[in-house]
Amino acid sequence: MSSYKGHTIFALVLALMFFNNPLIIALSVIGANIPDFDHKFKKDNVYKMIILGLIVFISLYILKLPYYLGLIIVFLGTVFYFSQHRSFTHSIFGVLTLTATVSLILIWAYEILMDITIIPTSYLFMAILIALLSFLFLNKKLLLIFLPLFFISLFLFGTLTVNYVEIAVGLFLGLLSHIVLDSFSPSGIKLFAPLSSKKSHKQFGTLSIVLLLILAIYLRRFEIIMLMQYFFPNIYFSYGFI
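Heads up: the sequence shown runs through residues 1124 to 1365, numbered per this note's numbering.
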């Protein structure tokens, strides 16, 4: 069984293959730790999530702000409450559901903050939301490493753009990395739960990693060619080589 350390490292490696934005890389790392919220020993956190959603719903309703943010938080907590370990949250349908749900929470919260404040450095709002999300889903020991590195990377990169599509893709990659890694365990995963209880094993994981590598190389082909041209200036490399 993969630990949170293994899931975190695997998601980080995959995210670095696809993204340069530390906001999106951080979301992939967080996403890799989300599916295990279906553990029984994390039920207390699930209750807190549902209560938080109700508080947000009531508060936003009173303030006449978009209260659906609270409802989606309640929905997220409900998903974890009813999911058995390595069942729905470890399936492809669970990955899509969690991607959509967490993405909407981040985007709606971001939109509300942008509507009620006037600050030009808007990406800081998303950074704060991601940091808050890390407190919810990351192991406490991991937080001690994650948060300093996250804010240092933001300082080094300076102003960053916030892209809603990248938010969803980053979360999806992290969530997918979790079930890919778990497929290599002896117990496997129920890839199509709740429609099927049939388990998938390392064949799914191996195929997924190969496809992700091919996709990453294709998306990064221009950067790869530039590196080749730097180290081998006398050799011609075509931009259509991949």
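We put the beta carbon where it would ideally sit given N, CA and C, even for glycine.
Alpha helix (DSSP H) segment containing residue i, residue limits
i, result
"Ile1147", "Pro1145 to Asn1156"
"Pro1271", "Lys1263 to Phe1280"
"Asp1305", "Tyr1287 to Asp1305"
"Ile1159", "Note that residue 1159 is Asp in the sequence shown here, rather than Ile. Run containing Asp1159: none; DSSP gives neither H nor E here."
"Leu1318", "Looking at the DSSP string, Leu1318 is not in any alpha helix (DSSP H), and its letter there is neither H nor E."
"Leu1256", "Tyr1246 to Phe1260"
"Thr1284", "No alpha helix (DSSP H) holds Thr1284; DSSP gives it neither H nor E."
"Thr1240", "Element bounds for Thr1240: n/a, residue is neither H nor E."
"Phe1133", "Tyr1127 to Phe1141"
For residue j and residue i, the rounded distance between their alpha carbons
i, j, result
"Asn1286", "Asn1144", "10 Å"
"Leu1148", "Met1237", "Residue identity differs from the one stated: residue 1148 is Ile in this sequence, not Leu. Cα to Cα, Ile1148 sits roughly 23 Å from Met1237."
"Val1218", "Thr1282", "30 Å"
"Thr1224", "Ser1320", "24 Å"
"Ile1173", "Tyr1184", "16 Å"
"Ile1239", "Lys1322", "47 Å"
"Gly1176", "Val1197", "5 Å"
"Ile1215", "Leu1294", "13 Å"
"Leu1342", "Phe1141", "7 Å"
"Phe1248", "Tyr1233", "7 Å"
"Leu1265", "Ile1178", "28 Å"
"Leu1150", "His1213", "18 Å"
"Lys1163", "His1208", "8 Å"
"His1301", "Ile1268", "20 Å"
"Leu1299", "Ile1332", "10 Å"
"Ala1316", "Phe1205", "13 Å"
"Lys1187", "Lys1128", "42 Å"
"Ser1245", "Pro1309", "45 Å"
"Ile1290", "Phe1280", "18 Å"
"Ser1257", "Ile1132", "15 Å"
"Thr1284", "Leu1277", "11 Å"
"Val1169", "Thr1201", "8 Å"
"Ala1138", "Gly1297", "8 Å"
"Leu1192", "Ala1134", "27 Å"
"Ala1254", "Phe1211", "26 Å"
"Leu1146", "Leu1330", "28 Å"
"Leu1334", "His1130", "19 Å"
"Phe1274", "Leu1252", "13 Å"
Beta bridge counterpart(s) of residue i as assigned by DSSP
i, result
"Ser1323", "Ile1312"
Sequence-distant residues of its chain with Cβ nearer than 8 Å to residue i (five each side left out)
i, result
"Phe1327", "Val1303, Ser1306, Ile1312 and Leu1314"
"Phe1260", "Ile1153, Asn1156, Ile1157 and Phe1160"
"Ser1126", "none"
"Ile1195", "Gly1176, Thr1224, Leu1227, Ile1228 and Trp1231"
"Leu1199", "Met1172, Gly1176, Leu1221, Thr1224, Val1225 and Ile1228"
"Lys1165", "Asp1159 and Phe1203"
"Ile1235", "Leu1183, Leu1188, Pro1189 and Leu1192"
Neighbour flag for residue i against chain D, beta carbons, 8 Å
i, result
"Phe1258", "Of the protein chains in the structure, only one exists, and it is not chain D."
Nonlocal neighbours in the same chain, by C-beta distance under 7 Å from residue i, ignoring five residues either side
i, result
"His1324", "Ser1306 and Gly1311"
"Gly1190", "In the sequence as displayed, the identity of residue 1190 is Tyr instead of Gly. Hits under 7 Å: Phe1180, Leu1183 and Tyr1184."
"Pro1271", "none"
"Leu1338", "none"
"Ala1250", "Leu1146 and Leu1277"
Of all the alpha helix (DSSP H) runs that stay within the bounds of the region 1180 to 1212, which reach a length of 4 or more residues? Listed in chain order, they are 1191 to 1205.
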